[in-house]
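If you number the sequence shown the way full-length UniProt numbering does, the last residue is 436 and the count never jumps.
All C-beta atoms, glycine included, are put in the ideal place defined by N, C-alpha and C.
Source: prediction; values computed, not measured.
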Amino acid sequence: MDGCDENADKLWPSDVMNESYNVNIEDTEISISSKEIWGALRALETVLQMVYRGEFGGNIIFKGSVEDEPLFSHRGMLLDTGRNFMPVETLRKMIDIMAMVKMNVLHWHITDDPSFPFVSTTYPELSDKGAYHPQMYTYDEIEVSDLLEFARLRGVRIIPEFDTPAHTLSWGKAYPDLLTKCYQDSKPNGQLGPMNLANDSTFDFLKNLFTEVTSRFHDNYIHLGGNGIDVTCWISNPEIVEFMQKMGFSGNSSQLVNYYASKVVKIVKSVADRNPSITPILYRDVLDHGYQGDENTVIHVWESIAWKGFTKEATGKKFNVIVTGDWNLNNLHNEYEWTKYYEQDIREFGGTDEEASLVIGGEATLWGTRVDETDVITLAWPRGAAVAERLWSKNPETIEEFSQRIGELRCRMLYNNIEAHPVNGPGFCPTKIIRT
Numbered sequence: 001m002d003g004c005d006e007n008a009d010k011l012w013p014s015d016v017m018n019e020s021y022n023v024n025i026e027d028t029e030i031s032i033s034s035k036e037i038w039g040a041l042r043a044l045e046t047v048l049q050m051v052y053r054g055e056f057g058g059n060i061i062f063k064g065s066v067e068d069e070p071l072f073s074h075r076g077m078l079l080d081t082g083r084n085f086m087p088v089e090t091l092r093k094m095i096d097i098m099a100m101v102k103m104n105v106l107h108w109h110i111t112d113d114p115s116f117p118f119v120s121t122t123y124p125e126l127s128d129k130g131a132y133h134p135q136m137y138t139y140d141e142i143e144v145s146d147l148l149e150f151a152r153l154r155g156v157r158i159i160p161e162f163d164t165p166a167h168t169l170s171w172g173k174a175y176p177d178l179l180t181k182c183y184q185d186s187k188p189n190g191q192l193g194p195m196n197l198a199n200d201s202t203f204d205f206l207k208n209l210f211t212e213v214t215s216r217f218h219d220n221y222i223h224l225g226g227n228g229i230d231v232t233c234w235i236s237n238p239e240i241v242e243f244m245q246k247m248g249f250s251g252n253s254s255q256l257v258n259y260y261a262s263k264v265v266k267i268v269k270s271v272a273d274r275n276p277s278i279t280p281i282l283y284r285d286v287l288d289h290g291y292q293g294d295e296n297t298v299i300h301v302w303e304s305i306a307w308k309g310f311t312k313e314a315t316g317k318k319f320n321v322i323v324t325g326d327w328n329l330n331n332l333h334n335e336y337e338w339t340k341y342y343e344q345d346i347r348e349f350g351g352t353d354e355e356a357s358l359v360i361g362g363e364a365t366l367w368g369t370r371v372d373e374t375d376v377i378t379l380a381w382p383r384g385a386a387v388a389e390r391l392w393s394k395n396p397e398t399i400e401e402f403s404q405r406i407g408e409l410r411c412r413m414l415y416n417n418i419e420a421h422p423v424n425g426p427g428f429c430p431t432k433i434i435r436t
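In structure tokens, the structure reads:
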């Protein structure tokens with residue numbers, strides 16, 4: 001097995017890790033082969049799920065062989081801790097379950113308008129004043145480092161998201177000059193909007209913060225947000241209007257968005273000392289404003305409505321793409337909601353083969369607007385396994401076939417104290433499924 005020398009630098013999961021493996025089960029032994037340690041981790045999960053409790057006790061696994069590899073390199077789950085705080089224990093539990101179903105990316109939407117729970121060593125006042133509570137509802141340096149290590153040992157990448165230039169009201173509690181003052185009738189109306197692009201110190205601040213972030217997080221991807229930008233606040237502000245005239249933007253607010261997105265991407269790529277190949281991710285919304293920045297930018301199509309058209313647009317512009325589409329786990333209309341997730345094929349959006357090849361994977365999302373530690377596990381699982389399956393498997397089963405397996409998976413989860421909700425209506429868990 002290659003890539004297993006832990007005497008060298010620590011091995012971190014990445015977008016180019018090899019997760020392929022082979023499993024061979026004989027009468028007296030189980031053998032696993034893989035090119036990298038990450039494939040061995042996935043193989044162990046496969047073996048574990050093949051073990052059943054015998055009718056008269058003991059464990060049973062049938063002879064056979066498995067040769068497997070993922071369809072997509074990016075198989076993620078978005079968790080939002082900027083709206084409702086989630087304890088580290090909850091994040092760990094989520095990572096454990098993700099590894100169980102071979103998901104490999106935790107997209108950590110760590111901050112938002114309501115709170116800034118990330119404790120920055122460069123700007124500690126961001127969490128001191130921007131978090132719900134500076135000690136109880138924050139993630140300090142040690143907690144973040146330990147969480148990264150916890151995820152590493154399970155082959156799960158953690159991609160941080162610091163959503164900008166909007167969704168930053170929590171930043172303004174400590175640093176109000178970072179944000180734009182909104183005007184009405186030629187006077188400030190007391191509201192703050194997106195980041196103030198006319199002030200060079202805004203970008204100096206971001207450079208310092210992202211220098212810290214890229215040094216503390218080990219992944220070569222970082223999500224920079226870019227959606228929900230209230231341009232009406234920008235164009236109401238005399239300082240921004242003057243800046244637009246100076247830049248020759250001619251009152252076109254889309255040029256402001258494009259200016260910001262292009263500049264923040266350049267900043268991130270310039271400060272990534274640990275990893276010069278850092279890859280920025282932006283929400284698809286920036287394309288509405290003509291974003292034509294760094295060609296290595298990954299576009300995240302987060303919408304469920306018209307996701308196919310948005311994916312076609314992004315891939316048509318030669319960007320790599322991550323798709324969410326209908327994989328928003330906040331929606332729970334009935335116990336069979338997972339069937340919709342399983343039927344979504346993110347390669348089928350009307351693009352050419354070349355465009356489809358630019359889709360590097362997808363993510364299920366759990367936005368924190370109505371989700372917190374009390375229900376996030378139940379909302380995510382086992383429905384999220386339908387997403388995981390579509391991102392891993394090249395040959396998906398029928399709904400009827402997968403229905404049986406997702407039911408068995410739920411029972412395994414229950415036996416492991418995971419609060420997974422029913423997915424197939426009334427039923428029960430047979431004792432033949434082993435506690436793992």
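Segment contact: the stretch 83-95 against the stretch 361-370, three or more CB-CB distances shorter than 8 Å; contact assigned. Beta-bridge analysis with DSSP links Tyr183 to Pro188. The stretch 208-221 makes contact with the stretch 12-21: 3 or more CB pairs, one atom from each, lie closer than 8 Å. About 19 Å separates the CB atoms of Thr214 and Ile142; that is not less than 8 Å, and the two are not in contact.
Here Trp234 has Thr180, Gly193, Pro194, Ile240, Ser253 and Leu256 as same chain residues with Cβ atoms under 7 Å from its own Cβ, once five neighbours each way along the sequence are excluded. Taking the CA atoms as reference points, Arg410 sits about 36 Å from Gly228.
Counting along the chain, Met17 sits inside no alpha helix (DSSP H), nor does DSSP assign it H or E at all. In the three-state reduction of the DSSP assignment, Thr352 falls in the coil class. Secondary structure of His289 (DSSP, three-state): helix. Look at the beta carbons and you see the stretch 354-363 not touching the stretch 45-53: under three pairs across the two are nearer than 8 Å. Taking 9 Å as the cut-off, the Cβ atoms of Trp302 and Val387 do not count as close.
An exposed status is given to Met247, since fewer than 16 other beta-carbon atoms sit within 10 Å of its beta-carbon. Counting only residues of its own chain and dropping the five nearest sequence neighbours on each side, Asp140 has a CB closer than 8 Å to the CB of Val119. Under the DSSP assignment, Ala166 falls outside any alpha helix (DSSP H); it carries neither an H nor an E label. Closest option to Gly172, judged by alpha-carbon separation, among Ile346, Asp128, Gly251 and Cys429: Asp128.
The stretch 86-101 and the stretch 53-69 do not touch, with fewer than three beta-carbon pairs separated by less than 8 Å. Contact between Ser34 and Asp112 does not hold, since the beta-carbon distance rounds to 38 Å and is not under 8 Å. Comparing alpha carbon positions, the residue from Asp185, Ser31, Gly64 and Phe205 closest to Glu125 is Phe205. When beta bridges are read from the DSSP output, Glu67 appears opposite Asn22. Pairing Gly384 with Pro134, the inter-Cα distance amounts to about 32 Å.
Within the stretch 213-275, the runs of beta strand (DSSP E) that reach at least 3 residues and sit entirely inside it are, in chain order, 221-223. When rounded, the separation of the alpha-carbon atoms in Asn237 and Pro165 is 16 Å.
Between Val51 and the set Leu41, Gly57 and Phe62, the nearest pair of CA atoms involves Phe62.
In the three-state scheme derived from DSSP, where H, G and I count as helix and E and B as strand, Ser31 is classed as strand. When secondary structure is reduced to three states using DSSP, Phe402 falls in the helix class. As computed with DSSP, Ile158 is found in a beta bridge with Leu106.
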